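Novice:
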Amino acid sequence: MRVLVIEDDDAIAEPLERGLRHEGFDVTRAALGGDALNLIDSGSTFDVVLLDLGLPDMDGFSVCRQLRERSETPVIVVSARGDEVDRVVGLELGADDYVVKPFGFRELVARIRAVARRSGPERSTEEEARVDLGGGLVIDTRSRRVLRSGEEVPLTRKEFDLLALLAADPGASFTRELILERVWDPHWYGPTKTLDVHVAALRRKLGDPGIVETVRGVGFRLRVHP
Ligand code: CA
7 MRVLVIEDDD
17 AIAEPLERGL
27 RHEGFDVTRA
37 ALGGDALNLI
47 DSGSTFDVVL
57 LDLGLPDMDG
67 FSVCRQLRER
77 SETPVIVVSA
87 RGDEVDRVVG
97 LELGADDYVV
107 KPFGFRELVA
117 RIRAVARRSG
127 PERSTEEEAR
137 VDLGGGLVID
147 TRSRRVLRSG
157 EEVPLTRKEF
167 DLLALLAADP
177 GASFTRELIL
187 ERVWDPHWYG
197 PTKTLDVHVA
207 ALRRKLGDPG
217 IVETVRGVGF
227 RLRVHP
């Protein structure tokens, strides 16, 4: 688990870093708010950010707000200012938790694990929802979007559902009956040509005629990309 510690005071940061490393965390320290934002801007990612509000270069609340604008990483505000106003403002700016100095190390570790746990499943759902179809195509079943080289490909509802069904198990053959049942209706008695029309539209819109393969006499499958 990667933790970014934003703290200007060496007397607090150094033992904290040592303790967190001892607990198995991968710790990065930034002594200034600007340094922390630069790290995020240059592509560093963290699982949890510990943010001291009393920083010499920037107001801690402003750092918190800017962190929020840049990433979803949970932020635990660490502050000597323990009054209720700070607590509320910190949480309103998007901090996930609030620890008041002096804090117990065990308590802090427990809070780090708790916020990481809360945000963890969301992230993994996001990752699971995205399937790389090869050829620059990605389907995101969570946002119901298909991207080709980062550009959204507009699909109808049925076209999307059909692609999502096949993408759930690339390379597996889906029978026409199963596809009609799942994407259309459990009691679909209409012309099965509807399915062929939708497959043709998908191949055309995705700009990749080979992406959906016909399994003769059976149905269709999604091509497995190398
Ligand atoms: Ca400080």
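Sequential numbering of the sequence shown, starting at 7, is according to the working numbering. Just so it is clear, CB atoms sit at the ideal spot from N, CA and C, and this is done for glycine as well. Note that the structure is predicted; figures quoted are calculated from it, not measured.
#1: Nearest to residue 59 by alpha carbon, out of 80, 43, 14?
#2: Look at residue 102 and residue 80 and say whether their C-beta atoms are less than 8 angstroms apart.
#3: Taking only the alpha-carbon atoms, compute the straight-line gap between residue 49 and residue 190 and give it to the nearest angstrom.
#4: How is the beta strand (DSSP E) around residue 217 delimited, first residue to last?
#5: Please enumerate, following chain order, all residues with a beta carbon closer than 5 angstroms to at least one heavy atom belonging to ligand 1.
#6: Taking C-beta to C-beta, are residue 231 and residue 171 nearer than 8 angstroms?
#7: Could you tell me which residues DSSP puts in a beta bridge with residue 144?
#8: Going by other Cβ atoms of all chains shown within 10 Å of its Cβ, with 16 needed for buried, is residue 28 buried or exposed?
#9: Here's the rule I'm using: 16 or more other beta-carbon atoms within 10 Å means buried, otherwise exposed. How should residue 155 be labelled?
#10: Closer than 7 angstroms by C-beta to residue 209: which residues in its own chain qualify, once you throw out the five before and the five after it? Chain order, please.
#11: Where does the unbroken beta strand (DSSP E) through residue 52 begin, and where does it stop?
#12: If you run the structure through DSSP and keep just helix, strand and coil, what is residue 174?
#13: Inspect the CB distances between the segment 63-70 and the segment 143-153 and report whether three or more fall short of 8 angstroms.
#14: Can you list, in chain order, the residues of its chain whose CB lies under 6 angstroms from that of residue 141, leaving out five sequence neighbours each side?
#15: For residue 226, write down the residues that DSSP places opposite it in a beta bridge.
#16: Work out the CA separation of residue 125 and residue 169 for me, nearest whole Å.
#17: Any idea what DSSP makes of residue 129, helix, strand or coil?
#18: Kindly indicate the opening and closing residues of the beta strand (DSSP E) around residue 85.
Specialist: The structure says:
#1: In the sequence shown, residue 59 corresponds to position 53, counting from 1. Between residue 59 and the set 80, 43, 14, the nearest pair of CA atoms involves 14.
#2: Against the sequence shown, residue 102 aligns to sequence position 96. Against the sequence shown, residue 80 aligns to sequence position 74. The Cβ atoms of residue 102 and residue 80 lie closer than 8 angstroms to each other.
#3: As a working mapping, residue 49 is identified with position 43 in the sequence shown. As a working mapping, residue 190 is identified with position 184 in the sequence shown. For residue 49 and residue 190, the distance between alpha carbons rounds to 43 angstroms.
#4: As a first step, residue 217 is located in the sequence shown; it is residue number 211 there, counting from the start. It is not in any beta strand (DSSP E) - residue 217 carries neither H nor E in the DSSP assignment.
#5: The set of residues with a C-beta under 5 angstroms from any non-hydrogen atom of ligand 1 comprises 14, 15, 58, 60, given in chain order.
#6: The residue given as residue 231 occupies position 225 in the sequence shown. The residue given as residue 171 occupies position 165 in the sequence shown. The Cβ atoms of residue 231 and residue 171 do not sit closer than 8 angstroms to each other.
#7: As a first step, residue 144 is located in the sequence shown; it is residue number 138 there, counting from the start. Beta-bridge pairing links residue 144 to 138, 153.
#8: By 1-based counting over the sequence shown, the position of residue 28 is 22. Around the C-beta of residue 28, fewer than 16 other C-beta atoms lie within 10 Å, and the residue is accordingly described as exposed.
#9: Position 149 of the sequence shown, counted from the first residue, corresponds to residue 155. Exposed is the call here.
#10: Residue mapping note: residue 209 aligns to position 203 of the sequence shown, counting from 1. Counting only Cβ-Cβ distances below 7 angstroms, and skipping sequence neighbours, we find 215, 217, 218.
#11: The count along the sequence shown starts at 1 and reaches residue 52 at position 46. Going by DSSP, residue 52 is part of no beta strand (DSSP E) at all; its letter is neither H nor E.
#12: Residue numbering aside, residue 174 sits at position 168 when the sequence shown is read from its first letter. When DSSP states are grouped into helix, strand and coil, residue 174 belongs to the coil group.
#13: Segments in contact, no.
#14: Taking the sequence shown and counting its residues from 1, the one referred to as residue 141 is at position 135. Hits under 6 angstroms: 214.
#15: Here residue 226 refers to the residue found at position 220 of the sequence shown. Looking at the DSSP assignment, residue 226 forms a beta bridge with 180, 220.
#16: Start at 1 with the first residue of the sequence shown, and residue 169 comes out as number 163. Start at 1 with the first residue of the sequence shown, and residue 125 comes out as number 119. In a straight line, the C-alpha of residue 169 is about 29 angstroms away from that of residue 125.
#17: For the purposes of this step, residue 129 is taken as the residue at position 123 of the sequence shown. A caution first: residue 129 carries a pLDDT of 48, below 50, which makes its placement in the model too unreliable to give a value.
#18: Taking the sequence shown and counting its residues from 1, the one referred to as residue 85 is at position 79. From DSSP, the beta strand (DSSP E) with residue 85 extends over 81-85.
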